[in-house]
Amino acid sequence: MPRAQAIALALLVAFIAAAPFLLFPVYVMKVLCFALYACAFNLLLGYAGLLSFGHAAYFGMGSYLSAHAAKVWGFTPELAIVTGGLTATVLGAAFGYLAIRRQGIYFAMITLALAQMVYFFCVQAPFTGGEDGIQAVPRGALLGVLDLTPDFTLYWVVAAVFLAGFLFLYRIVHSPFGQVLKAIRDNEPRAISLGYRSDDYKLLAFVLSAAIAGIAGGTKAIVFQIATLTDVNWPMSGEAVLMTLLGGIGTLFGPVVGALIIVTLQAELAQFGAWVTVIQGVIFVACVLAFRRGVVGELQQAIRRPL
Amino acid sequence: MSELWYDLEPFLQQGTLGLVNGAFYAILSLGLAVIFGMLNVVNFAHGAQFMLGAFVAWMLLNWAGIGYWGALVFAPLIVGLFGVVIERMMIARLYKLDHLYGLLLTFGLALIIEGLMRNAFGSSGLPYEVPEAFRIPPVDLGYMLMPAYRFWIVVVSLFVCLGTWYAIEKTKLGSYLRAAVERPKLVQAFGINVPQMMTATYGAGVALAAFAGVLAAPVYSVNPAMGANFIIIVFAVVVIGGMGSILGSIVTGYILGVIEGFTRVFYPEASATVVFVIMAIVLLVRPTGLFGRA
Numbered sequence: 000m001p002r003a004q005a006i007a008l009a010l011l012v013a014f015i016a017a018a019p020f021l022l023f024p025v026y027v028m029k030v031l032c033f034a035l036y037a038c039a040f041n042l043l044l045g046y047a048g049l050l051s052f053g054h055a056a057y058f059g060m061g062s063y064l065s066a067h068a069a070k071v072w073g074f075t076p077e078l079a080i081v082t083g084g085l086t087a088t089v090l091g092a093a094f095g096y097l098a099i100r101r102q103g104i105y106f107a108m109i110t111l112a113l114a115q116m117v118y119f120f121c122v123q124a125p126f127t128g129g130e131d132g133i134q135a136v137p138r139g140a141l142l143g144v145l146d147l148t149p150d151f152t153l154y155w156v157v158a159a160v161f162l163a164g165f166l167f168l169y170r171i172v173h174s175p176f177g178q179v180l181k182a183i184r185d186n187e188p189r190a191i192s193l194g195y196r197s198d199d200y201k202l203l204a205f206v207l208s209a210a211i212a213g214i215a216g217g218t219k220a221i222v223f224q225i226a227t228l229t230d231v232n233w234p235m236s237g238e239a240v241l242m243t244l245l246g247g248i249g250t251l252f253g254p255v256v257g258a259l260i261i262v263t264l265q266a267e268l269a270q271f272g273a274w275v276t277v278i279q280g281v282i283f284v285a286c287v288l289a290f291r292r293g294v295v296g297e298l299q300q301a302i303r304r305p306l
Numbered sequence: 000m001s002e003l004w005y006d007l008e009p010f011l012q013q014g015t016l017g018l019v020n021g022a023f024y025a026i027l028s029l030g031l032a033v034i035f036g037m038l039n040v041v042n043f044a045h046g047a048q049f050m051l052g053a054f055v056a057w058m059l060l061n062w063a064g065i066g067y068w069g070a071l072v073f074a075p076l077i078v079g080l081f082g083v084v085i086e087r088m089m090i091a092r093l094y095k096l097d098h099l100y101g102l103l104l105t106f107g108l109a110l111i112i113e114g115l116m117r118n119a120f121g122s123s124g125l126p127y128e129v130p131e132a133f134r135i136p137p138v139d140l141g142y143m144l145m146p147a148y149r150f151w152i153v154v155v156s157l158f159v160c161l162g163t164w165y166a167i168e169k170t171k172l173g174s175y176l177r178a179a180v181e182r183p184k185l186v187q188a189f190g191i192n193v194p195q196m197m198t199a200t201y202g203a204g205v206a207l208a209a210f211a212g213v214l215a216a217p218v219y220s221v222n223p224a225m226g227a228n229f230i231i232i233v234f235a236v237v238v239i240g241g242m243g244s245i246l247g248s249i250v251t252g253y254i255l256g257v258i259e260g261f262t263r264v265f266y267p268e269a270s271a272t273v274v275f276v277i278m279a280i281v282l283l284v285r286p287t288g289l290f291g292r293a
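Below you can see the structure in the form of structure tokens.
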């Protein structure tokens, strides 16, 4: 790992270790869940050049299935989260297979439309509880032993899930597979001419991204003990895009910074209702017009080292 | 009447009613296709502009006393002008970048417009009465009675769609437009102001969306979410039809409205998702879309 990245990672770990003593653990857990979600999204947009506008489907289904597994099937929390992740993986494989048949703008529209189909399914399916969602999800005991009801205990589990996911993504991006993904992003015809089956690479990236988004959603369901239609509706897809864009597309730490800013903003502005939507829209417009590198992207430019 | 007729009648009825939704799909996907063809931007704000059309109609009625017929003219003009300003100030700066930035920018605009409208008017929706002229007995189609206003939507939308198609495919101005889509630099070298044409095209596409919004106002309640609900379905319609063909996007819009109507007869639960399922099937069988070019 290059030194700049190692320092940034050390800072991140230090922040995660110190945060529960300085800030509300639930708030930091929310940041971590969304950061993982945005990082998963960034694997596709930042490293494979695929703009998915439907990641809410994987986040939301991960959330629903984890909540259902923990509440109705009585799964332990780690198994519940795995259930959510597996559901998102299967869904990602099916949708990814369809979506990679088209490129660019169409890819975005297809993923959005498929996610909306999932949303309508969740509105009607009995197990989601409709408008009420799945409430009072038990946090349970880790491996059946460690009681996760106290926020402080649960925090370390969530931190571990986040770090595991983050390092896994780091590994993917820096593996030969990740290099091929970047080659496809930068020049797909050339990657194909070199003998890479670009569709296979894109599909695998899509499935991995969906799986991690599902794990993020499942973890969120355990933390907040609720899974609702908000998790699976299109604004949730937009949030992944916004966090990544603001933090820096195609940077390792960008989505984490983006998630921190957006979650904080939402918490501070919660009382102002629809103004949150307006401000998110303004950030979108401002980022696209004048700040396309994002926070970490600018930083990376300033120190001339990848982050 | 045979027994078969009784089985078919509900299909005919729901299919005909489906044409109403199809009319909106057609106008909206037509506007998207026109904008995309010229600007290479997928206008995510199309739904928000559709919703603005309905709101402007409501404002004209309640604040300025201008009724439905006036709104049908003025609302598209007002919202279209707003589109022109947006194109000049923001979208025009993105033409040299990846197309995805256009999508992201217009998505942000959609959030802003929707949030502002929710702040100003709440999310419950405002009533807009069916105009006086249509409070007449329903139209007798033989197999059903169709409310006069819905009948009007189908008729007027057909005129607008075919009119747009004619303007693009058969007029001189349209030929400039098509030429500029194919070879913008060359057309500019012939002395045609292509950037101005792009602005005008965006304005016209937005005006179409607003026109659809005014048409929709008396049928759906005027509320900030009405655009988002439509635009995602219209995206699916566009994927099915392919954005390459103007006529294709119109035809696909109506057909999908009718299919949605049919679905309401034999499996009502699926009527919300049938368009997406069809999109998935089309992607499997013919990835470029029904009328699309590779």
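If you read the protein sequences in the order shown, they are chains A and B.
Going by numbering that gives the first Met the number 0, 33 is the number at position 34 of the first sequence; the sequence numbering is gapless.
Going by numbering that gives the first Met the number 0, 44 is the number at position 45 of the second sequence; the sequence numbering is gapless.
Where is the CB? At the ideal position from N, CA and C, for every residue including glycine.
Quiz item: Is the beta carbon of residue 87/A sitting closer than 8 Å to the one on residue 60/A?
Solution: Your numbering for residue 87/A matches position 88 in the first sequence. Your numbering for residue 60/A matches position 61 in the first sequence. Their beta carbons are under 8 Å apart, which means residue 87/A touches residue 60/A by this criterion.
Practice problem: Kindly list the residues whose CB is nearer than 8 Å to the CB of residue 261/B, restricted to its own chain and excluding five residues on each side of it in sequence; keep chain order. | Solution: Here the question's residue 261/B lines up with position 262 in the second sequence. If we look at residue 261/B and ignore the five residues flanking it on each side, its Cβ neighbours are 10, 13, 14, 17.
Exercise. Could you check which residue in 102/A, 64/A, 278/A has the C-alpha nearest to that of residue 188/A?
Key: As a working mapping, residue 188/A is identified with position 189 in the first sequence. Measuring from the Cα of residue 188/A, the nearest candidate turns out to be 102/A.
Quiz item: Does the beta carbon of residue 104/B sit closer than 8 Å to a beta carbon anywhere in chain A?
Solution: Along the second sequence, read from residue 1 onward, the residue named residue 104/B stands at position 105. So yes, residue 104/B belongs to the interface.
Quiz item: Given a threshold of 16 other Cβ atoms within 10 Å of its Cβ, counted over all protein chains shown, does residue 252/A qualify as buried or as exposed?
Solution: For this step, residue 252/A is matched to residue 253 along the first sequence. Buried, because 16 or more other Cβ atoms sit within 10 Å of the Cβ of residue 252/A.
Exercise. Return the chain-ordered list of same chain residues with a C-beta closer than 8 Å to the C-beta of residue 307/A, the five sequence neighbours on each side being excluded.
Key: Since the first residue of chain A shown is 0 and the last is 306, residue 307/A is not available in this structure.
Quiz item: Looking only at its own chain, which residues have a Cβ that is under 7 Å from the Cβ of residue 210/A, when we skip the five neighbours before and after it?
Solution: In the first sequence, the residue the question calls residue 210/A occupies position 211. Once the five neighbours on either side are set aside, the close Cβ partners of residue 210/A are 84, 87, 88, 91.
Quiz item: In chain A, which residues lie with their C-beta within 8 Å of the C-beta of residue 117/B?
Solution: As a position in the second sequence, residue 117/B is number 118, starting the count at 1. Here the neighbours are 272, 273, 276.
Self-check item: Beta-carbon neighbours of residue 244/A, restricted to chain B and to distances below 8 Å
Solution: Numbered from 1 along the first sequence, position 245 holds the residue referred to as residue 244/A. Within 8 Å Cβ-Cβ: 103.
Self-check item: Segment limits, alpha helix (DSSP H) that includes residue 26/A
Solution: Your numbering for residue 26/A matches position 27 in the first sequence. 24-41 is the extent of the alpha helix (DSSP H) around residue 26/A.
Self-check item: Helix, strand or coil at residue 97/B [DSSP, three-state]
Solution: By 1-based counting over the second sequence, the position of residue 97/B is 98. Coil.
Practice problem: Hey, could you find the ends of the alpha helix (DSSP H) residue 68/B is sitting in? | Solution: As a position in the second sequence, residue 68/B is number 69, starting the count at 1. Element bounds for residue 68/B: 67-88.
Quiz prompt | Straight-line gap, residue 81/B to residue 159/B (C-alpha atoms, nearest Å) | solution = Here residue 81/B refers to the residue found at position 82 of the second sequence. Here residue 159/B refers to the residue found at position 160 of the second sequence. Approximately 21 Å, taken between the alpha carbons.
Practice problem: With 7 Å as the C-beta to C-beta threshold (strictly closer), list the residues of the region 111-128 of chain A near chain B in chain order. | Solution: 111, 112, 113, 115, 116, 119, 120, 123
Self-check item: Residues, ordered as in the chain, of the region 43-77 of chain A that lie near chain B by beta-carbon distance below 7 Å
Solution: 50
Quiz item: Do residue 34/B and residue 266/B have their C-beta atoms closer together than 8 Å?
Solution: By one-based count along the second sequence, residue 34/B stands at place 35. By one-based count along the second sequence, residue 266/B stands at place 267. Going by C-beta atoms, residue 34/B is not nearer than 8 Å to residue 266/B.
Quiz prompt | With 16 other Cβ atoms within 10 Å as the buried cut-off, status of residue 311/B | solution = Residue 311/B lies beyond the residue range present for chain B, which begins at 0 and ends at 293; the question has no answer from this structure.
Practice problem: Identify every residue that forms a DSSP beta bridge with residue 133/A. | Solution: In the first sequence, residue 133/A corresponds to position 134, counting from 1. The partner list for residue 133/A (beta bridge, DSSP) reads 226/A.
Quiz prompt | Residues of the region 230-258 of chain A with Cβ closer than 9 Å to any Cβ of chain B, in chain order | solution = 233, 234, 237, 240, 241, 244
Quiz item: Exposed or buried, residue 109/A, counting other C-beta atoms within 10 Å across all chains shown (16 or more means buried)?
Solution: Within the first sequence, residue 109/A is the residue found at index 110, counting from 1. Under this definition residue 109/A is a buried residue.
Quiz prompt | Separation of residue 193/A from residue 19/A, as counted between CA atoms | solution = On the first sequence, residue 19/A is found 20 positions in, with the first residue counted as 1. On the first sequence, residue 193/A is found 194 positions in, with the first residue counted as 1. Cα to Cα, residue 19/A sits roughly 49 Å from residue 193/A.
Exercise. Determine the closest residue to residue 41/B out of 52/A, 47/A, 24/A, with distance taken between C-alpha atoms.
Key: Sequence index remark: in the second sequence, residue 41/B carries index 42 (1-based). Closest by alpha carbon: 52/A.
Quiz item: With 8 Å set as the bound, which would you pick, yes or no: does the beta-carbon of residue 98/B sit closer than that to a beta-carbon of chain A?
Solution: Your numbering for residue 98/B matches position 99 in the second sequence. Yes, because at least one Cβ of chain A sits closer than 8 Å to the Cβ of residue 98/B.
Exercise. Starting from the C-beta of residue 15/A, find all residues in its chain whose C-beta is less than 6 Å away, skip the five residues before and the five after it, and write them out in chain order.
Key: Along the first sequence, read from residue 1 onward, the residue named residue 15/A stands at position 16. Hits under 6 Å: 158.
Exercise. Kindly list the residues whose CB is nearer than 6 Å to the CB of residue 83/B, restricted to its own chain and excluding five residues on each side of it in sequence; keep chain order.
Key: Mapped onto the second sequence, residue 83/B falls at position 84. Closer than 6 Å at the Cβ level, and outside the excluded window around residue 83/B, lie 198, 202.
Self-check item: residue 145/A, DSSP secondary structure in three states
Solution: As a first step, residue 145/A must be located in the first sequence, where it is residue number 146. In this structure, residue 145/A counts as strand in the three-state DSSP scheme.
Quiz item: Is the region 87-96 of chain B close to the region 255-263 of chain A, with three or more CB pairs under 8 Å?
Solution: no
Quiz item: Does residue 101/A have its Cβ less than 8 Å from a Cβ in chain B?
Solution: As a position in the first sequence, residue 101/A is number 102, starting the count at 1. Yes, residue 101/A counts as interfacial toward chain B.
Self-check item: Spatial distance of residue 180/B from residue 169/A (CA atoms)
Solution: To locate residue 180/B, count along the second sequence from 1; it is residue 181. To locate residue 169/A, count along the first sequence from 1; it is residue 170. Their backbone Cα atoms lie some 42 Å apart in a straight line.
Quiz item: From what residue to what residue does the alpha helix (DSSP H) around residue 152/B run?
Solution: Looking up residue 152/B in the second sequence gives position 153. 147-169 is the span of the alpha helix (DSSP H), which, as asked, contains residue 152/B.
Self-check item: Where the alpha helix (DSSP H) through residue 61/B begins and ends
Solution: Working through the second sequence from its first residue, we reach residue 61/B at position 62. 45-63 is the extent of the alpha helix (DSSP H) around residue 61/B.
Exercise. Flag residue 172/A as yes if its beta-carbon sits less than 8 Å from any beta-carbon of chain B, otherwise no.
Key: Locating residue 172/A in the first sequence gives position 173, counting from the first residue. So, not an interface residue.
Practice problem: Consider the Cβ of residue 235/B: report whether some Cβ of chain A lies at a distance smaller than 8 Å. | Solution: Locating residue 235/B in the second sequence gives position 236, counting from the first residue. Output row for residue 235/B: interface = yes.
Quiz prompt | Member of 201/A, 167/A, 164/A, 165/A whose CA lies at the smallest distance from the CA of residue 182/A | solution = Residue 182/A sits at position 183 when you count from the first residue of the first sequence. If we check each option's Cα against that of residue 182/A, 201/A comes out closest.
Quiz item: Does any residue of chain B bring its CB to less than 8 Å from the CB of residue 293/A?
Solution: Stepping through the first sequence from its first residue, residue 293/A is reached at position 294. Residue 293/A does not count as touching chain B.
Practice problem: Starting from residue 312/A, trace the alpha helix (DSSP H) both ways and give me its first and last residue. | Solution: Here chain A comprises residues numbered 0 to 306, so residue 312/A is not present and cannot be evaluated.
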